[in-house]
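Student: My questions will all concern the structure given below.
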Amino acid sequence: ELRRRNVFRVALAYIVVAWLILQVGDTLAPALRLPDWVNTVLAFFLILGFTLAIFFYWAYELTPQGLKKEKEVDRSQSITHVTGRKLDFVIIAVLVVALGYFGYDKFILHPARDAAEIEAAVQSAREQVASAVEQQESAKSIAVLPFVNMSDDASNEYFSDGISEEILNLLAQVPQLRVTSRSSAFSFKGQNVDVPTIAAKLNVAHILEGSVRKSGNELRITAQLMAVETDTHLWSKTYDRELKSVFVIQDEIAAAVVDALKIKLLGEKPSSTETNPEAYALYLQGRHFSKQGTLVSSKQAETLLAQALEIDPNYVPAWTELGYVYERQATTFGLRPKDEGTELARDAVQKALLINPQYGPAY
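In structure tokens, the structure reads:
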């Protein structure tokens with residue numbers, strides 16, 4: 116009687132379809148970022164549905180007049196044999212689909228999934244190692260915030276920014292010290308954000324901040340180093356010097372930071388690339404305009420850097436920045452033909468490396 120009512124066929128069809136649904140759900144759930152419990156709920160309802168499907172096909176029969184209770188159908192008019200043949204075709208079709216999916220999963224998805232799991236495990240191990248190393252080295256990390264321009268002339272901001280960046284570049288030469296990049300540190304410029312918040316976002320243990328006041332050839336630079344965890348000043352100092360001493364000040368600040376963080380230097384202490392003070396001011400202005408990234412500012416940057424090199428033809432940073440300006444003029448702003456701009460950029464950088472083969476930014 117179970118065979119006559121197609122209960123066995125329905126059970127088989129249901130099991131194959133349910134298996135196929137579960138496999139598809141198992142594949143799509145991660146892709147759709149669904150929670151793990153979704154597949155559990157799906158399996159629960161499919162298992163529950165199996166009992167209902169068996170009961171339904173035992174108690175009811177599909178007739179030409181519609182769905183009727185089995186006991187109300189005349190045996191002589193029953194079409195269960197026709198329904199059974201249709202179910203056979205359905206079972207065969209579903210089995211073909213299931214077999215195709217099984218092959219696809221086994222030979223295409225499965226290897227990719229294994230590779231992804233291995234990569235995830237390797238990445239997790241790397242992150243754990245990196246985290247351990249980072250914790251050990253976090254005490255020797257620093258962000259140099261842009262120094263505040265305290266000059267009466269607001270246009271001197273290029274100078275305070277330049278001083279900050281030069282000190283950052285000096286500290287970045289210390290191998291044992293992790294220094295946050297300029298773009299990250301300068302992203303807080305002009306924002307009213309407290310030091311602990313900045314340190315947390317930049318993931319550093321120390322902050323160097325300060326101010327610059329420039330009046331003619333007179334300079335006042337104030338710098339202070341803070342330990343974020345204890346919210347204390349490790350070191351601070353004010354320098355009142357002439358403009359020609361700006362490189363000495365930068366070196367002294369870098370040395371003071373290294374000393375305050377108790378870092379042993381491997382090799383020589385990093386020192387500034389010195390030049391004529393007027394050439395240095397022109398270089399800082401040129402770099403300031405270069406970073407603005409506009410057609411007009413690019414022309415201004417080229418003029419200022421050329422003036423700096425007229426005063427000091429051996430100033431390597433100016434040659435390097437000029438090469439960058441030429442390259443941008445050719446590839447971004449269309450001020451020069453591409454070949455011409457590229458050639459000028461290459462010549463400028465090669466001059467920088469010829470003067471100082473150890474100058475990293477030129478490379």
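Using the working numbering, you'd call the opening residue of the sequence shown number 116 and step up by one each time.
Heads up, the beta-carbon is just placed ideally off N, CA and C, and yes, glycines get one too.
None of the values given here were measured: they were computed from a predicted structure.
Looking at the structure shown, is asparagine 264 part of a helix, part of a strand, or coil, going by DSSP?
Tutor: Asparagine 264: strand per DSSP, three-state reduction.
Student: Does the contact criterion of 3 or more C-beta pairs under 8 Å hold for the segment 305–312 versus the segment 437–446?
Tutor: Flag = no, the segment 305–312 and the segment 437–446 do not touch.
Student: Pick out the complete beta strand (DSSP E) segments inside the segment 399–423, 3 residues or longer, and give them in chain order.
Tutor: Runs of the beta strand (DSSP E) inside the segment 399–423: none found.
Student: DSSP beta-bridge partners for threonine 257?
Tutor: Inspection of the sequence shows that residue 257 is occupied by isoleucine rather than by threonine. For isoleucine 257, which the question treats as bridged, DSSP gives the partners Val294, His321.
Student: Buried or exposed for histidine 321, please, with buried defined as at least 16 other CB atoms from any protein chain shown within 10 angstroms of its CB.
Tutor: With 16 or more Cβ atoms within 10 Å of its Cβ, histidine 321 is classed as buried.
Student: Is the CB-CB distance between arginine 443 and serine 413 below 8 Å?
Tutor: In this structure, serine 413 lies closer than 8 Å to arginine 443 by Cβ.
Student: The alpha helix (DSSP H) with isoleucine 336 in it runs from where to where?
Tutor: First-last for isoleucine 336: 333–342, but that is the beta strand (DSSP E), not the alpha helix (DSSP H).
Student: For valine 294 versus serine 279, is the C-beta spacing smaller than 8 Å?
Tutor: No, Cβ-Cβ distance for valine 294 and serine 279 is not below 8 Å.
Student: What residues in its chain sit with their C-beta under 7 Å from that of valine 122, if we drop five residues either side in the sequence?
Tutor: The residues are Ile169, Tyr172, Trp173.
Student: Using the three-state DSSP reduction, which class does aspartate 355 fall into: helix, strand or coil?
Tutor: It is a strand residue.
Student: Note down the Cα distance separating leucine 468 from asparagine 307, rounded to an integer number of angstroms.
Tutor: Roughly 41 Å separates the two Cα atoms.
Student: Output the distance between the C-alpha atoms of threonine 155 and phenylalanine 262, rounded to the nearest integer angstrom.
Tutor: The alpha-carbon atoms of threonine 155 and phenylalanine 262 are separated by roughly 57 Å.
Student: Inspect the beta-carbon positions of glycine 401 and leucine 419 and report whether they are closer than 8 Å.
Tutor: Yes, they are a contact pair.
Student: To the nearest angstrom, how far is it from the Cα of alanine 287 to the Cα of alanine 300?
Tutor: Spanning the two alpha carbons is a distance of roughly 13 Å.
Student: Can you tell me which of Ala342, Asp346, Gln339, Leu285 puts its alpha carbon nearest to the alpha carbon of glutamate 389?
Tutor: Out of Ala342, Asp346, Gln339, Leu285, Leu285 has the C-alpha closest to the C-alpha of glutamate 389.
Student: Is DSSP giving leucine 437 helix, strand or coil here?
Tutor: Here leucine 437 sits in helix by DSSP.
Student: May I ask you to report which of helix, strand or coil DSSP gives threonine 388?
Tutor: Coil at threonine 388, not helix or strand.
Student: Please work out which residues of its chain come closer than 8 Å, Cβ to Cβ, to leucine 317, disregarding the five sequence neighbours upstream and downstream, and give them in chain order.
Tutor: Taken in chain order, the residues that qualify are Ala258, Thr295, Ser299, Ala300.
Student: Would you give the residue range spanned by the alpha helix (DSSP H) that tyrosine 430 belongs to?
Tutor: Here tyrosine 430 belongs to no alpha helix (DSSP H), and DSSP marks it neither H nor E.
Student: Within a Cβ cutoff of 6 Å, which residues of the same chain sit near phenylalanine 404, ignoring the five residues on either side of it in sequence?
Tutor: Result list for phenylalanine 404: Ser412, Gln415, Ala416, in chain order.
Student: Taking the Cβ atom as the reference point for each residue, do tyrosine 478 and valine 431 lie within a distance shorter than 8 Å?
Tutor: Their beta carbons are not under 8 Å apart, which means tyrosine 478 does not touch valine 431 by this criterion.
Student: What span of residues does the alpha helix (DSSP H) with valine 373 cover, start to end?
Tutor: Valine 373 -> alpha helix (DSSP H) spans 361–375.
Student: Could you check which residue in Asp355, Glu357, Ala338 has the C-alpha nearest to that of histidine 348?
Tutor: Ranking Asp355, Glu357, Ala338 by Cα distance to histidine 348 puts Ala338 first.
Student: Evaluate arginine 120 with the Cβ neighbour count: other Cβ atoms within 10 Å of its Cβ, from every protein chain shown; 16 or more gives buried, anything less gives exposed.
Tutor: Classification for arginine 120: buried.
Student: By the three-class DSSP mapping on this structure, what secondary structure does threonine 312 have?
Tutor: Correct three-state label for threonine 312: helix.
Student: If alanine 208 and leucine 135 are in contact, beta carbons under 8 Å, what's the gap, nearest whole angstrom?
Tutor: With a Cβ gap of about 11 Å, alanine 208 and leucine 135 do not count as contacting.
Student: Out of curiosity, what's the CA-to-CA distance linking glutamate 281 and serine 387?
Tutor: Cα to Cα, the separation comes out at about 8 Å.
Student: Identify, in the order they occur along the chain, each residue of the same chain with its Cβ nearer than 6 Å to the Cβ of threonine 446, setting aside the five sequence neighbours on each side.
Tutor: Hits under 6 Å: none found.
Student: Which residue's Cα is closest to the Cα of isoleucine 368: Thr345, Asn429, Phe303, Leu283?
Tutor: Of the candidates Thr345, Asn429, Phe303, Leu283, the one whose C-alpha sits nearest the C-alpha of isoleucine 368 is Leu283.
Student: How would you label lysine 304, buried or exposed, when you count the other beta carbons within 10 angstroms and need 16 or more for buried?
Tutor: So lysine 304 counts as exposed.
Student: Report the residue from Asn429, Val372, Lys255, Thr409 whose alpha carbon sits nearest the alpha carbon of tyrosine 493.
Tutor: Not covered by the structure: residue 493. The range shown for the chain is 116 to 478.
Student: Does serine 239 come out as helix, strand or coil in the three-state DSSP assignment?
Tutor: Note: serine 239 maps to helix in three-state DSSP.
Student: Please classify leucine 349: does DSSP put it in a helix, a strand, or coil?
Tutor: In the structure shown, leucine 349 sits in a strand (DSSP, three-state: E or B).
Student: Would you please state the rounded distance, in angstroms, between the beta carbons of leucine 137 and leucine 161? I believe it to be under 8 Å.
Tutor: Sure, about 7 Å apart at Cβ, within 8 Å.
Student: Would you identify the three-state DSSP class for valine 211, choosing helix, strand or coil?
Tutor: Here valine 211 sits in helix by DSSP.
Student: Would DSSP call valine 327 helix, strand or coil?
Tutor: Valine 327: strand per DSSP, three-state reduction.
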